[in-house]
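Just below is one structure, and these are the notes that go with it.
Protein chains: 2
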Amino acid sequence: MARWLPGARGRLAAAALELATERGYDQTTVADIAARAGVTERTYYRHFADKREAFFGGSDTLIEQLRQAIVQADAALPPVAAAAAGARAMAAQLTDVEHSRLRARVVASDDALRERELLKLASLSTAAAAALRERGTAALPAGLLGDAAVSAFARGIEQWLEEGGELTAHVDAAFAAIGAALGG
Amino acid sequence: MARWLPGARGRLAAAALELATERGYDQTTVADIAARAGVTERTYYRHFADKREAFFGGSDTLIEQLRQAIVQADAALPPVAAAAAGARAMAAQLTDVEHSRLRARVVASDDALRERELLKLASLSTAAAAALRERGTAALPAGLLGDAAVSAFARGIEQWLEEGGELTAHVDAAFAAIGAALGG
Numbered sequence: 001m002a003r004w005l006p007g008a009r010g011r012l013a014a015a016a017l018e019l020a021t022e023r024g025y026d027q028t029t030v031a032d033i034a035a036r037a038g039v040t041e042r043t044y045y046r047h048f049a050d051k052r053e054a055f056f057g058g059s060d061t062l063i064e065q066l067r068q069a070i071v072q073a074d075a076a077l078p079p080v081a082a083a084a085a086g087a088r089a090m091a092a093q094l095t096d097v098e099h100s101r102l103r104a105r106v107v108a109s110d111d112a113l114r115e116r117e118l119l120k121l122a123s124l125s126t127a128a129a130a131a132l133r134e135r136g137t138a139a140l141p142a143g144l145l146g147d148a149a150v151s152a153f154a155r156g157i158e159q160w161l162e163e164g165g166e167l168t169a170h171v172d173a174a175f176a177a178i179g180a181a182l183g184g
Numbered sequence: 001m002a003r004w005l006p007g008a009r010g011r012l013a014a015a016a017l018e019l020a021t022e023r024g025y026d027q028t029t030v031a032d033i034a035a036r037a038g039v040t041e042r043t044y045y046r047h048f049a050d051k052r053e054a055f056f057g058g059s060d061t062l063i064e065q066l067r068q069a070i071v072q073a074d075a076a077l078p079p080v081a082a083a084a085a086g087a088r089a090m091a092a093q094l095t096d097v098e099h100s101r102l103r104a105r106v107v108a109s110d111d112a113l114r115e116r117e118l119l120k121l122a123s124l125s126t127a128a129a130a131a132l133r134e135r136g137t138a139a140l141p142a143g144l145l146g147d148a149a150v151s152a153f154a155r156g157i158e159q160w161l162e163e164g165g166e167l168t169a170h171v172d173a174a175f176a177a178i179g180a181a182l183g184g
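So the protein lines, in turn, are chains D and S.
Residues 1 to 184, numbered by the UniProt record's numbering, are exactly what the first sequence covers, in order.
Residues 1 to 184, numbered by the UniProt record's numbering, are exactly what the second sequence covers, in order.
Set out below in structure tokens:
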């Protein structure tokens, strides 16, 4: 394999999105995805636990960026600022709006993919709350701020897919809008 | 069947929780649940689409209470107050903490039940946002407040299962705590 080709994992994720967009998620098998990526099914399962996971390949990176941003935020900052930094760090990972639009369409088309997406978002919320507790935030506000960070991330993505621009700006705006909306 | 017996739906839900608590969710079949409730499997499937649904029998009522509380809140109230009323109306449906503790333990024990729970919570958030939009709230704040109502409901339940008392008080406190935490 030529060195300049992206790794098998990246090619598998791209192949899964291409095939699901072309013919539908239901009509796409792991064997199809592996063939399109030029690898064996066995290689597919070295990278992804099941067919759904090919659409969530970036979620470990999201969690890691979220965690680092919260834990490494200036200790003098209030928890809300650390949570906002976490939401922004996740947003900075997503820059290709066209790719995200295709992916969102595929995920919305299938109940099992939607369930997996909700599970990933819940993991992000749990990770944010754990990172906030590491900074000394009590359990209840840590949980609520973790949920708020994920709410801002998810609603910011919806705005971004509709309007374009920079995702980080949409997520910052959504985070600020939670405070404004809660203020009545 | 004697008139004073609860309906088949309620007995099936109770039987599912009993059996899953006694022997584990994995070791419980729909046939077992139907037998314990004194009905046929066919009757089970008239009430619930699959084995998981027996643990989510109250979710339609939750959605309806949430929707009504938001739509019927005084038109002069700001959206945040309507969202808080929605969270409180859901909380008022749950009064048996021991039952909720058993149920939470079963749901936590199985990935498929956890996924279904997240799907139900996402439906509540979507319903809250739709009800807020009916009142004239714009899409982004409606989505964020819908998420906040569900966050307060879910975190309030966690506190309630730990500490007891009235769920409505825990959910009111959690909703207020979001505003306080967001304020820094």
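For every residue, glycine included, the Cβ atom is placed at its ideal position computed from N, Cα and C.
On a predicted model such as this, the values are computed, not experimentally measured, just so you know.
Secondary structure of residue i, DSSP reduced to three states
i, result
"S/Leu151", "According to the sequence provided, residue 151 of chain S is Ser. The question's Leu does not apply to it. Correct three-state label for S/Ser151: helix."
"D/Glu117", "helix"
"S/Phe48", "coil"
"D/Gln68", "helix"
"S/Val39", "coil"
"D/Val78", "Note that residue 78 of chain D is Pro in the sequence shown, not Val. Correct three-state label for D/Pro78: coil."
"S/Ser59", "helix"
"D/Glu166", "coil"
"D/Gln27", "coil"
"D/Thr21", "helix"
"D/Arg11", "helix"
"S/Leu94", "coil"
"D/Arg135", "coil"
"S/Pro141", "helix"
"S/Asp125", "For the sequence presented, residue 125 of chain S should be read as Ser rather than Asp. If DSSP states are grouped into helix, strand and coil, S/Ser125 belongs with the helices."
"D/Arg88", "helix"
"S/Ala177", "helix"
"D/Asp110", "coil"
"D/Gly183", "coil"
"D/Ala73", "coil"
Chain D contact for residue i (CB, 8 Å cutoff)
i, result
"S/Arg101", "no"
"S/Ile178", "yes"
"S/Gly165", "no"
"S/Ser123", "no"
"S/Gly86", "no"
"S/Ala13", "no"
"S/Leu17", "no"
"S/Ser59", "no"
"S/Ala75", "no"
"S/Gln27", "no"
"S/Ala181", "yes"
"S/Gln159", "yes"
Closer than 8 Å to chain S by CB, residue i
i, result
"D/Leu118", "yes"
"D/Asp147", "yes"
"D/Arg155", "yes"
"D/Val80", "yes"
"D/Leu62", "no"
"D/Ser109", "no"
"D/Leu140", "yes"
"D/Leu113", "no"
"D/Glu134", "no"
"D/Ala8", "no"
"D/Gln68", "no"
Beta-carbon contacts of residue i that lie in its chain and below 6 Å, excluding the five residues immediately before and after
i, result
"S/Phe175", "Ala84, Ala87, Ala152"
"S/Ala146", "This sequence places Gly at residue 146 of chain S; Ala is not what is there. Contacts found: Ser125, Ala128, Ala129."
"S/Thr21", "Leu102"
Cβ neighbours of residue i in the same chain (closer than 7 Å, five flanking residues each side left out)
i, result
"S/Ala104", "Leu161"
"S/His47", "Ala8, Arg9, Leu12"
"S/Glu41", "Val30, Ala31, Ala34"
"D/Arg67", "Ala127, Ala131"
"S/Glu18", "Arg36"
CA nearest to the CA of residue i, picked from the options
i, options, result
"S/Ala15", "S/Pro6, S/Ala34, S/Arg23, S/Gln27", "S/Ala34"
"D/Ile178", "S/Ala169, S/Gly57, S/Thr29, S/Pro79", "S/Pro79"
"S/Ala81", "S/Ala142, S/Leu19, S/Tyr25", "S/Ala142"
"D/Ala89", "D/Gln65, D/Glu22, D/Asp60", "D/Gln65"
"D/Arg52", "D/Ala180, D/Leu118, D/Leu167, D/Ile157", "D/Leu118"
"D/Asp74", "D/Asp96, D/Gly136, D/Ala91", "D/Gly136"
"S/Gln159", "S/Val97, S/Arg133, S/Val106", "S/Val97"
"S/Ala138", "D/Arg116, D/Arg101, D/Ala181, D/Gln72", "D/Ala181"
"S/Ala112", "S/Glu22, S/Arg155, S/Pro6, S/Asp26", "S/Asp26"
"S/Gly165", "S/Ser59, S/Ala92, S/Val150", "S/Ala92"
"D/Gly156", "D/Ala173, D/Thr61, D/Thr43", "D/Ala173"
"D/Ala154", "D/Gly57, D/Arg101, D/Thr61, D/Val171", "D/Val171"
"S/Ile63", "S/Arg23, S/Arg133, S/Val150", "S/Val150"
"D/Thr95", "D/Val106, D/Gly58, D/Leu121", "D/Gly58"
Residue i: CB within 7 Å of a non-hydrogen atom of the ligand ATP
i, result
"S/Gly146", "The model on display carries no ligand, and the ligand ATP is accordingly not part of it."
8 Å Cβ cut-off: residues of chain A touching residue i
i, result
"S/Ala174", "Protein chains D and S are contained in the structure displayed, whereas chain A is not."
Residues near residue i in its chain [Cβ-Cβ closer than 8 Å; skip 5 each side]
i, result
"S/Ala108", "Arg114"
"S/Tyr45", "Val30"
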